[in-house]
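>
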Amino acid sequence: MSLGVIVVLAVLAVVLLWAVAVYNRFIGLRVRAEESWRDVDTQLKRRWDLIPNVVEAVKGYATHEREVFERVTQARARAQSAATPKEQEAAEAQLRGAMLNLFAVAEAYPELKANEGFLQLQSSLGELEDAIQKSRRYYNAIVREFNTALQVFPGSLVAGIFGFKPREFFTLEDEAQREAPKVKF
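Residues -13 to 171, numbered by this note's numbering, are exactly what the sequence shown covers, in order.
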C-alpha cells in the first residue's frame, strides 16, 4: 500500500469515528430528553391523582358549587390525555385556571380552611407544584442541549443524515401561568 492510500484510509477512519461519536451523543441526548419528559409526566400524574381528593374535600363543604367541580374534573381529564409538550401546555393552563376557581370557592368556607385533611392536601399540592417546576426546567435544559447540538456545525450534518428532529420545549403561553398557583389560606 502506498502512503497516499494509508492517509486516505486514516482520514476516513477518523471521520467515521467522529460520526459515530456524534451519533451516539445525539442518541444519549434524545434518551435523556425522553427520560426527563417522563419525569415531568410522573409529577403531573401525582398532581392529577391528588386533585380528586382536593375536589372531594371542598365538595364536602360547598356542595352547591357543582359547575366548579365539573370544570376541574374536565380540565384534569384533558391534561391527562395530552400527548405533546404543546398540548400539555394548553391543558395545564386550563387545569390551573380550574384549580384557582376551586380554591376561590374554598376561600369562602372558613371551616374548610381549618380542616386538617384539607391543609395536608394543600401542602402536598404545593410540594408537587415545586417538583413539577423542577422537572420542567430539567426537561427544557436537556431539550435546549439536544436542539443546539442538532443545529451546530458539523454535528448538523450527522443529525441531517440520520433524521434527528428538534424537540418541543415545555413553555408557558402567558405571563399569568408563570406563577405557581397560590394554595395557602
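Just so you know, even glycine gets a beta-carbon here, dropped at the ideal spot from N, CA and C.
Of all the options Arg130, Leu30 and Ala43, which has the alpha carbon lying nearest to the alpha carbon of Ala61?
Among Arg130, Leu30 and Ala43, the Cα nearest to that of Ala61 belongs to Leu30.
> Looking only at its chain, what residues have a beta carbon closer than 8 Å to the beta carbon of Arg91, apart from the 5 residues adjacent to it on each side?
Just to set this straight, residue 91 is Val in the shown sequence, not Arg. Contacts found: Val44, Ala48, Glu51 and Val54.
> Restricting to Cα atoms, I'd like to know which of Ile147, Asn133 and Phe139 is closest to Gly14.
Taking only the C-alpha atoms, the option nearest Gly14 is Asn133.
> Taking the beta carbon of Glu161 as the centre, do at least 16 other beta carbons fall within 10 Å, making it buried, or is it exposed?
For Glu161, the predicted model reports a pLDDT of 49, less than 50, meaning its position is unreliable; a value from the coordinates is still stated below. With fewer than 16 Cβ atoms within 10 Å of its Cβ, Glu161 is classed as exposed.
> Can you tell me the Cβ-Cβ gap for Ser22 and Tyr125, rounded? I've got them flagged as a contact below 8 Å.
Their Cβ separation, rounded to whole angstroms, is 4 Å, which keeps Ser22 and Tyr125 in contact under 8 Å.
> When DSSP labels each residue in this structure, what does Gly112 get in the three-state scheme?
If DSSP states are grouped into helix, strand and coil, Gly112 belongs with the helices.
> Going by DSSP in three states, Ser121 sits in which element: helix, strand or coil?
It is helical.
> Count Cβ pairs between the region 103 to 123 and the region -2 to 7 that sit closer than 8 Å; are there 3 or more?
No, the region 103 to 123 does not touch the region -2 to 7.
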